[in-house]
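Protein chains in written order, with numbering that gives the first Met the number 0: chain F, 0 to 541; chain X, 0 to 148; chain L, 0 to 98. In this text, a Cβ means the ideal position worked out from N, Cα and C, and glycines have one as well. Below is one structure, written out as structure tokens; comments come after it.
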Amino acid sequence: MYKYDSYDQQMVDARVEEFRDQARRRLEGKLTEDQFKPLRLMNGLYLQLHAYMLRVAIPYGTLNSAQMTALGDIADKYDRGYGHFTTRQNLQYNWIKLEDAADILADLAKVEMHAIQTSGNCIRNISSDHFAGAAHDELVDPRPYAELLRQWSSFHPEFTYLPRKFKIAVIAAEKDRAAMRLHDIGIQIVEKDGKIGAAFYVGGGMGRTPMIAPMIRDFVPLDQLITYAEACLRVYNRYGRRDNKYKARIKILVHELGKDEYTRQVEEEYAHMQQQGVEPPREELERIKPFFADPAFEVGAKSVDRSDPDFALWVDRNTHRHKHDSYVSAVISLKPVGGIPGDATGEQIRIMARLAQQYSFDELRIMHTQNVVLPHVKIEDLHALWTALDAADLGAPNMDSIEDMIACPGLDYCALANARSIPLAQRISEKFDASGKTEKLGELKLKISGCINACGHHHAGHIGILGVDRKGVENYQLSLGGSEAEDTSLAKITGPGFTEDGVIEAVEKVTDVYLDVREDGERFLDTYRRIGMAPFKEALYD
Amino acid sequence: MTDLGTSPDEVQFRFRDDEPADHGTVTADACCDQTNATAVRIEPGDDARTLLPFLDRLALIEVNFPSFGDGRGYSSARILREAGYTGELRAVGDLGIDQLSHMRRCGFDAFAPDKPLDAEDAERAFSTWDNVYQRTTDGRRTIPELRHE
Amino acid sequence: MKVLTGNDLKTGDVIWWTGSGWSRRVDDAADAGDRADEILATEEAARRVNVPYVIEASREEDGSVRPAHIKDRVRALGPTVRPDLTLKPQDPEAIDWVI
Numbered sequence: 000m001y002k003y004d005s006y007d008q009q010m011v012d013a014r015v016e017e018f019r020d021q022a023r024r025r026l027e028g029k030l031t032e033d034q035f036k037p038l039r040l041m042n043g044l045y046l047q048l049h050a051y052m053l054r055v056a057i058p059y060g061t062l063n064s065a066q067m068t069a070l071g072d073i074a075d076k077y078d079r080g081y082g083h084f085t086t087r088q089n090l091q092y093n094w095i096k097l098e099d100a101a102d103i104l105a106d107l108a109k110v111e112m113h114a115i116q117t118s119g120n121c122i123r124n125i126s127s128d129h130f131a132g133a134a135h136d137e138l139v140d141p142r143p144y145a146e147l148l149r150q151w152s153s154f155h156p157e158f159t160y161l162p163r164k165f166k167i168a169v170i171a172a173e174k175d176r177a178a179m180r181l182h183d184i185g186i187q188i189v190e191k192d193g194k195i196g197a198a199f200y201v202g203g204g205m206g207r208t209p210m211i212a213p214m215i216r217d218f219v220p221l222d223q224l225i226t227y228a229e230a231c232l233r234v235y236n237r238y239g240r241r242d243n244k245y246k247a248r249i250k251i252l253v254h255e256l257g258k259d260e261y262t263r264q265v266e267e268e269y270a271h272m273q274q275q276g277v278e279p280p281r282e283e284l285e286r287i288k289p290f291f292a293d294p295a296f297e298v299g300a301k302s303v304d305r306s307d308p309d310f311a312l313w314v315d316r317n318t319h320r321h322k323h324d325s326y327v328s329a330v331i332s333l334k335p336v337g338g339i340p341g342d343a344t345g346e347q348i349r350i351m352a353r354l355a356q357q358y359s360f361d362e363l364r365i366m367h368t369q370n371v372v373l374p375h376v377k378i379e380d381l382h383a384l385w386t387a388l389d390a391a392d393l394g395a396p397n398m399d400s401i402e403d404m405i406a407c408p409g410l411d412y413c414a415l416a417n418a419r420s421i422p423l424a425q426r427i428s429e430k431f432d433a434s435g436k437t438e439k440l441g442e443l444k445l446k447i448s449g450c451i452n453a454c455g456h457h458h459a460g461h462i463g464i465l466g467v468d469r470k471g472v473e474n475y476q477l478s479l480g481g482s483e484a485e486d487t488s489l490a491k492i493t494g495p496g497f498t499e500d501g502v503i504e505a506v507e508k509v510t511d512v513y514l515d516v517r518e519d520g521e522r523f524l525d526t527y528r529r530i531g532m533a534p535f536k537e538a539l540y541d
Numbered sequence: 000m001t002d003l004g005t006s007p008d009e010v011q012f013r014f015r016d017d018e019p020a021d022h023g024t025v026t027a028d029a030c031c032d033q034t035n036a037t038a039v040r041i042e043p044g045d046d047a048r049t050l051l052p053f054l055d056r057l058a059l060i061e062v063n064f065p066s067f068g069d070g071r072g073y074s075s076a077r078i079l080r081e082a083g084y085t086g087e088l089r090a091v092g093d094l095g096i097d098q099l100s101h102m103r104r105c106g107f108d109a110f111a112p113d114k115p116l117d118a119e120d121a122e123r124a125f126s127t128w129d130n131v132y133q134r135t136t137d138g139r140r141t142i143p144e145l146r147h148e
Numbered sequence: 000m001k002v003l004t005g006n007d008l009k010t011g012d013v014i015w016w017t018g019s020g021w022s023r024r025v026d027d028a029a030d031a032g033d034r035a036d037e038i039l040a041t042e043e044a045a046r047r048v049n050v051p052y053v054i055e056a057s058r059e060e061d062g063s064v065r066p067a068h069i070k071d072r073v074r075a076l077g078p079t080v081r082p083d084l085t086l087k088p089q090d091p092e093a094i095d096w097v098i
């Protein structure tokens with residue numbers, strides 16, 4: 000894992016003091032809320048329904064057990080004993096006081112963490128594949144490139160007041176586990192003619208106008224990665240719309256200019272940028288890479304004793320193939336039946352940290368599906384790990400099932416929300432668990448957002464639910480056929496919306512259609528793609 | 000012709016030793032049409048690159064920030080410096096303490112905020128970052144460069 | 000009735016205008032009538048409240064105050080999915096009041 004040197008530490012420490020001073024000026028009245036808001040947002044501090052909320056960055060979703068422990072301790076010390084893992088691999092606290100915020104940032108800085116640029120119209124935390132460095136199918140570990148981008152994007156002097164927020168994801172496998180093409184910039188590390196480089200996809204996103212990013216360049220040499228990103232950003236900063244907040248994301252610019260014209264402008268700027276020496280020295284990438292070297296894997300058992308069916312089910316569901324055949328990546332589900340997706344108590348967070356130390360070379364990952372990964376678990380340790388997880392209510396065997404839904408905080412917490420998301424998630428998981436249908440349905444990605452901003456990724460759900468406000472009453476629109484994997488697609492709305500009870504019944508109905516007509520090996524998404532919307536509509540509205 | 004720009008006494012912070020230009024400032028359009036203008040003011044929507052043929056005769060370029068949240072002026076500043084402009088680059092308008100350090104890094108060397116800023120807070124802001132990650136034309140060695148010296 | 004609400008600047012707590020100050024309980028809220036804008040301006044300038052705004056609400060027969068919109072009822076009580084963290088952790092019916 001990456002470790003700060005004195006420069007990185009100095010930057011984060013300087014930011015803590017800068018924010019402490021900004022908070023002081025706000026409390027003294029030297030800054031108005033309008034002036035302070037963008038500043039606090041760039042430090043991850045929101046004002047939500049009940050209190051301030053602090054979003055902590057977990058760069059490319061990777062952290063060690065000391066950092067995880069600190070997150071648990073902060074939950075207990077400054078919040079109400081829990082935190083919420085988000086769909087961009089971050090963690091947020093719901094009950095923060097402005098007067099504590101700088102102290103929390105100082106506590107984070109002690110373990111090389113921060114809340115820098117987790118909100119605001121700037122380059123946000125870089126996300127990546129949660130199995131990076133562990134997956135059997137990756138070309139290389141994408142995280143050194145993500146770290147290079149993290150440093151470049153931190154406190155970027157030109158790109159701090161962009162037209163709108165800007166999200167970058169980096170992956171290095173054909174299988175996309177990071178919703179790469181639904182980012183403002185999606186970078187895929189690729190190989191071409193024996194050389195490693197980066198394919199750039201620009202202008203994807205969810206929100207009110209979901210778009211899938213087109214590829215604008217199939218190969219950027221790695222010693223020009225930052226230069227090319229800088230060119231993409233400069234064109235956006237200069238020409239992205241600023242007259243309408245809802246049309247300000249880069250996807251609108253790329254869409255309005257057309258991919259070819261946007262690309263032409265980027266290439267022109269890139270040619271200019273190459274003369275400016277903005278690329279970090281090549282040695283920097285070489286310095287970063289060894290931090291992500293493989294830990295000392297040992298040969299061990301290649302299979303588990305399956306005599307305990309509960310354990311066997313968990314192994315089947317919640318482990319992912321590792322590049323070393325004596326290891327797997329283990330997914331810790333934060334979706335217990337009836338629970339709040341992505342929430343974990345301070346104690347659970349510390350337990351996960353301890354287990355990482357014991358069983359996973361001190362390393363954890365956060366998934367955009369609001370779960371936690373222990374990336375390198377020895378197959379022979381799996382039973383002991385599962386036993387400990389189960390005892391902490393962290394052993395739900397439901398990865399990628401309907402019970403493993405994504406849900407944003409919704410109207411229970413979020414000032415932007417129009418409807419509650421969490422109660423729906425809770426009721427659906429209870430219902431499907433009780434009926435035993437979850438198992439039959441197999442992989443089914445349900446994603447719930449409480450408003451059009453789509454933090455719950457509903458556009459990318461095999462089944463998506465969007466909460467809307469219908470004359471002061473919560474109402475839910477159902478959509479089908481989305482995917483955020485390598486076969487990215489955007490879900491289509493089924494038709495008129497439903498009440499809370501109605502949408503739960505509707506989910507039941509569409510899954511029944513699937514079970515009735517599916518062919519061998521088809522997932523819900525495959526069946527939908529084969530048969531189209533009509534049969535589902537018929538079941539819902541006739 | 001009316002002077003659009005700020006006068007030297009409206010400049011609160013200046014990091015240059017030469018005498019500030021004290022004469023009329025014209026719009027970007029007028030600058031391109033007029034062969035004798037030596038000071039120009041650009042707005043967020045103006046393309047800074049239209050000024051590049053005239054940089055030799057310009058002693059002052061003001062970049063207006065009608066709202067501090069509109070960051071186009073940061074790109075304008077860098078583009079001008081990247082093209083070799085060495086005259087005064089003055090940020091004017093809705094400037095706050097917390098924008099100063101980034102503006103300075105993008106090449107601004109004079110600041111005329113609409114409302115005067117607390118001098119002590121500003122001094123702290125200008126020196127916020129001992130080191131920096133990104134290369135700009137301000138000549139500072141970046142952290143990645145320092146690491147491999 | 001017109002009720003004024005916002006968050007405490009330091010703590011972020013949800014607060015309601017009582018006619019003379021700010022309370023964490025919505026039932027203490029007073030009708031601001033046509034003075035709403037004037038009160039908000041003064042109170043915000045004095046930093047006694049942050050991001051304040053005016054809402055419609057009704058005074059119920061039992062004297063309690065019910066904000067017209069669900070969002071403000073969620074704010075008044077707390078998250079419906081964490082009854083233990085609401086202002087009325089002992090009252091099982093409080094969640095129904097929100098919805």
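Look at the stretch 10 to 28 of chain F: the residues with a C-beta under 8 Å from a C-beta of chain L are R25, L26 and G28. Between the alpha carbons of L479/F and G257/F lies a distance of about 28 Å.
Relative to G43/F, the option among L161/F, L90/F, H375/F and I170/F whose CA is nearest is L90/F. For a Cβ distance threshold of 8 Å, nothing in chain F lies close to I38/L: the least Cβ distance comes to about 17 Å. Distances from the CA of P396/F to each of R123/F, D432/F, T117/F and D468/F were compared; the closest alpha carbon is that of D432/F. Within a 10 Å sphere around the beta-carbon of V298/F sit fewer than 16 other beta-carbons, which makes this residue exposed. Taking a Cβ-Cβ cut-off of 8 Å, the neighbours of W151/F in chain X comprise Y132 and Q133, given in sequence order. At a cut-off of 9 Å between beta-carbon atoms, D108/X makes no contact with chain F. Using a 10 angstroms sphere on the CB of D108/X, the tally of other CB atoms reaches 16 or more, which defines it as buried.
For a cut-off of 8 Å, the C-beta gap from Q476/F to T86/F is around 19 Å, too long to register as a contact. Taking all protein chains shown into account, G70/X has 16 or more neighbouring C-beta atoms within 10 Å of its C-beta and is therefore buried.
Sequence-distant partners of D26/L (beyond 5 residues in either direction) whose C-beta falls short of 6 Å from its own C-beta, in its chain, are S63 and V64. Taking all protein chains shown into account, V506/F has 16 or more neighbouring C-beta atoms within 10 Å of its C-beta and is therefore buried. Around the beta carbon of L145/X, fewer than 16 other beta carbons sit within 10 angstroms, so the residue counts as exposed. With respect to chain F, the C-beta atom of E42/X has no partner C-beta closer than 9 Å.
The beta carbons of L489/F and M210/F sit closer together than 9 Å. Taking a Cβ-Cβ cut-off of 7 Å, the neighbours of P37/F in chain X comprise G68, given in sequence order.
Residue pairing by DSSP places P112/X opposite G92/X in a beta bridge. When secondary structure is reduced to three states using DSSP, R40/X falls in the strand class. In the DSSP assignment, Y238/F falls within the unbroken alpha helix (DSSP H) covering L224 to Y238. In this structure the stretch 93 to 112 of chain F lies against the stretch 66 to 74 of chain F, because at least three pairs of beta carbons, one per stretch, are closer than 8 Å. Under the Cβ criterion of 9 Å, L145/X is counted among the residues facing chain F. Residues of the same chain with a CB within less than 6 Å of the CB of F35/F, apart from the 5 flanking positions on each side, are R25 in chain order.
One Cα belongs to A459/F, the other to V80/L, and the distance between them is close to 25 Å.
Using a C-beta cut-off of 8 Å, the stretch 197 to 205 of chain F makes no contact with the stretch 145 to 160 of chain F, since fewer than three inter-stretch Cβ pairs fall below that distance. Sorting A67/L, G20/L, W96/L and G5/L by C-alpha distance to the C-alpha of N49/L places G5/L at the top.
When rounded, the separation of the alpha-carbon atoms in V169/F and L312/F is 31 Å. Secondary structure of T318/F (DSSP, three-state): strand. Close to G471/F, with beta-carbon spacing below 8 Å, are these residues of chain L in chain order: A67, H68 and I69. The three-state reading of DSSP puts I78/X in helix, counting H, G and I together. Look at P37/F here: in three-state DSSP terms it is helix.
Judged by pairs of C-beta atoms under 8 Å, the stretch 90 to 99 of chain F does not touch the stretch 383 to 391 of chain F, as fewer than three such pairs exist. At a cut-off of 9 Å between beta carbons, V64/L makes no contact with chain F.
DSSP, reduced to helix, strand and coil, places V10/X outside both helices and strands of the structure shown, so it counts as coil.
The C-beta distance from G86/X to L57/X rounds to 5 Å, short enough to fall under 8 Å.
When secondary structure is reduced to three states using DSSP, D309/F falls in the helix class.
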